[in-house]
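Residue numbers (the working numbering), protein chains in the order written: chain G, 5 to 348; chain X, 5 to 348.
In this text, a Cβ means the ideal position worked out from N, Cα and C, and glycines have one as well.
Given the structure is predicted, the values throughout are model-derived calculations rather than measurements.
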DNA sequence: TTGAAAGCGCTAACAT
DNA sequence: ATGTTAGCGCTTTCAA
């Protein structure tokens with residue numbers, strides 16, 4: 005007998021994974037019943053349910069969602085592409101979005117595009133390989149192959165942080181052109197005669213900047229000097245920007261519109277280092293209304309975008325489509341708001 | 005004929021997904037050959053390879069990794085658990101880690117624990133459901149069920165940001181106790197007679213704080229007042245902390261050790277708002293050496309931890325084990341470094 | 001170099 | 001309330 009066993013189990017030294025079948029045998033039911041106990045417990049009698057739960061506890065069974073996803077064609081995965089995970093503007097959006105979709109049982113597969121369309125396209129290809137149930141994209145500019153892949157996948161897509169009449173599927177955000185114009189109007193209403201732009205290399209930031217400058221030029225400003233950086237915003241770059249504006253572009257006084265609060269904070273610090281008074285000598289307007297904006301010296305005037313709302317709206321747009329609900333509006337504009345504090 | 009077709013395809017209105025089989029038929033080969041063309045192109049003749057590639061382009065075939073993962077028992081997925089995605093300390097670690105593992109074809113499934121062990125445990129359960137090939141955890145404190153699940157999964161695990169003699173599998177980080185002591189030594193060497201702590205509610209931060217205070221008390225300091233916050237660090241809380249220290253704890257002068265650069269920055273701002281000179285009245289030491297630390301006013305003295313190195317080491321520890329390489333050391337200490345600038 | 005067959009662990013019909 | 005059967009779209013043997 006013993007010998008027989010030895011012969012039987014040969015090289016069988018790989019630990020068999022615990023599957024539904026394992027649990028089923030222990031509970032004295034069939035494998036499907038275990039599946040039901042997990043997915044539709046009401047359809048299983050209390051007695052069997054208890055036996056199955058016990059068997060699960062005893063075996064330490066962990067459901068295999070990759071098998072489940074293959075069989076059901078639903079992965080319960082949402083792919084999300086953001087430009088940069090270290091940029092709080094995007095990471096906090098992900099935080100809210102993630103929370104909202106998790107409540108419906110979805111997990112997030114997140115990747116960074118580094119603000120590159122090519123990278124984004126490659127990542128979309130990689131991500132679709134996991135058969136996500138939906139996709140979140142940042143911005144409305146995407147390569148054609150990217151759009152095609154997404155369209156071909158036939159899954160809900162939401163583009164965030166911007167609005168367009170022609171989204172891939174749905175989009176939720178606000179108009180960056182309008183934001184730039186609104187800040188220009190604010191600047192004029194407050195009697196500034198000179199203005200400058202400081203901007204990071206974000207396509208949307210550039211559109212705000214351009215709209216801002218255009219509106220001011222049209223209103224009679226002689227020129228709107230600017231300092232633009234490739235890549236991300238930082239306090240260091242904000243300091244550098246003011247230095248350049250003052251030292252190289254002869255910017256003496258006026259208001260500076262920054263494409264992010266981080267840059268604005270840098271401008272504030274550099275102004276202080278140079279003994280420039282804010283807002284008397286240089287006024288500063290940020291963008292984003294990050295948590296620290298209310299606590300700089302002086303408190304920062306900025307443009308608020310409700311990122312929590314953005315995340316929730318993006319999630320509910322996707323969840324609605326995943327639940328087969330008809331969504332009337334393809335485009336949701338959550339707007340923005342100028343928060344006046346003390347720097348302008 | 006036409007009629008026949010109609011009858012044949014009944015209700016067949018669901019678009020058949022493009023599978024390897026689809027590609028195979030178009031290329032005139034069997035399905036396995038397509039699989040080989042994708043995974044081991046050298047084992048396929050150039051001619052067939054070309055036909056297959058053409059067929060893939062024509063059909064827009066997107067490989068199904070969920071099927072692949074089920075069959076191969078390798079998901080090419082790494083699960084990562086961090087306390088908070090909006091904390092740059094963790095998000096930048098993820099950025100580096102992600103880059104390193106992506107180079108080997110792995111994707112990241114990331115979730116936030118919100119500094120909670122219970123949440124972490126729940127997330128581990130959820131994540132294991134996706135059958136990741138490896139797991140990254142933040143810190144060395146985990147619930148017992150969490151450890152069990154991970155051990156049971158039989159996959160490589162790396163714990164980051166801390167070191168211990170008894171990791172679940174491997175760990176890479178540095179000693180927070182040693183960091184606290186080192187800062188205390190720095191404080192004494194520089195002749196400070198009074199010190200305080202400002203800390204966020206991070207278990208590791210608390211250990212640094214305690215080691216710092218203990219070392220100073222042992223060295224004869226009368227007391228080390230402290231302000232601790234539950235939850236994350238912020239500039240606002242840094243400002244509030246200095247206010248409390250001065251207004252409520254009669255902290256008149258000395259050095260303040262902050263558990264993060266963000267808190268330190270807040271202290272700096274509040275000091276300025278109160279007309280306190282830095283470092284003459286209050287000296288400040290941060291933690292993390294974030295990019296902005298060199299650009300505050302004055303530039304911030306802080307403790308540098310090489311997060312890029314941490315991410316890379318964590319990745320290579322995991323990748324080595326995934327490749328079946330024997331890893332001699334279970335624990336990697338990447339150390340830290342006090343960066344002296346102008347605030348202390 | 002290529003193919004046939006057998007699963008991976010689950011869910012989706014369809015019985016009973 | 002429970003079970004049977006048939007896949008999901010791949011990879012892994014093993015043959016040819």
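Any C-beta of chain G under 7 Å from that of residue i
i              : result
residue 208(X) : no
residue 260(X) : no
residue 163(X) : no
residue 3(X)   : The question about residue 3(X) has no answer, for chain X in this structure spans 5 to 348.
residue 109(X) : no
residue 241(X) : no
residue 326(X) : no
residue 95(X)  : yes
residue 215(X) : no
residue 85(X)  : no
residue 69(X)  : yes
residue 35(X)  : no
residue 276(X) : yes
residue 295(X) : yes
residue 74(X)  : yes
residue 66(X)  : yes
Residue-level contact to chain X via CB, residue i, 7 Å cutoff
i              : result
residue 4(G)   : Because chain G in this structure spans residues 5 to 348, residue 4(G) falls outside the shown range and cannot be described.
residue 305(G) : no
residue 16(G)  : Model confidence at residue 16(G) stands at a pLDDT of 47, short of 50, so the residue's coordinates are unreliable; what they give is reported in the following sentence. With 7 Å as the cut-off, residue 16(G) does not count as an interface residue toward chain X.
residue 320(G) : no
residue 292(G) : no
residue 238(G) : yes
residue 146(G) : no
residue 90(G)  : yes
residue 187(G) : no
residue 233(G) : no
residue 24(G)  : no
residue 99(G)  : yes
residue 58(G)  : no
residue 190(G) : no
residue 12(G)  : Because residue 12(G) carries a pLDDT of 37, less than 50, the predicted location of this residue cannot be relied on, and no value is offered for it.
residue 178(G) : no
residue 338(G) : no
C-beta contact flag for residue i and residue j at 7 Å
i              : j              : result
residue 363(G) : residue 215(G) : Because residue 363(G) is not part of the residues shown, which for chain G are 5 to 348, the question remains open.
residue 305(G) : residue 344(G) : yes
residue 176(G) : residue 317(G) : yes
residue 138(X) : residue 82(X)  : yes
residue 242(X) : residue 288(X) : no
residue 352(G) : residue 210(G) : No answer is possible for residue 352(G): it lies beyond the span of chain G, which begins at 5 and ends at 348.
residue 70(X)  : residue 74(G)  : yes
residue 200(X) : residue 249(X) : yes
residue 202(X) : residue 231(X) : yes
residue 219(G) : residue 188(G) : yes
residue 204(X) : residue 263(X) : yes
residue 31(X)  : residue 59(X)  : yes
Cβ separation of residue i and residue j, assumed to be a contact under 8 Å, to the nearest whole Å
i              : j              : result
residue 126(G) : residue 141(G) : Their Cβ separation, rounded to whole angstroms, is 14 Å, which puts residue 126(G) and residue 141(G) out of contact at 8 Å.
residue 190(G) : residue 340(G) : That belief does not hold up - the Cβ atoms of residue 190(G) and residue 340(G) are roughly 12 Å apart, past 8 Å.
residue 1(X)   : residue 108(X) : The structure shown does not extend to residue 1(X), since chain X is modelled only from 5 to 348, so the question has no answer here.
residue 87(G)  : residue 116(G) : 7 Å
residue 301(G) : residue 276(X) : 6 Å
6 Å CB neighbourhood of residue i in its chain, flanking five on each side removed
i              : result
residue 283(G) : 347 and 348
residue 253(G) : 229
residue 3(X)   : What the structure shows of chain X is the stretch from 5 to 348, and residue 3(X) is not part of that stretch, so it cannot be assessed.
Classification of residue i by the beta-carbon crowding that lies within 10 angstroms, buried from 16 upward
i              : result
residue 174(X) : buried
residue 80(G)  : buried
residue 226(X) : exposed
residue 36(G)  : exposed
residue 297(X) : buried
residue 91(X)  : buried
residue 24(G)  : buried
residue 62(X)  : exposed
residue 72(X)  : buried
Cβ-based neighbour list, residue i, same chain, cut-off 8 Å, excluding 5 preceding and 5 following
i              : result
residue 335(G) : 167, 168, 169, 171, 174, 175 and 176
residue 11(G)  : Reliability fails at residue 11(G), whose pLDDT of 34 lies under 50, so the model's placement of it is uncertain and no value is given.
residue 99(X)  : 315
residue 121(X) : 145, 146, 147 and 150
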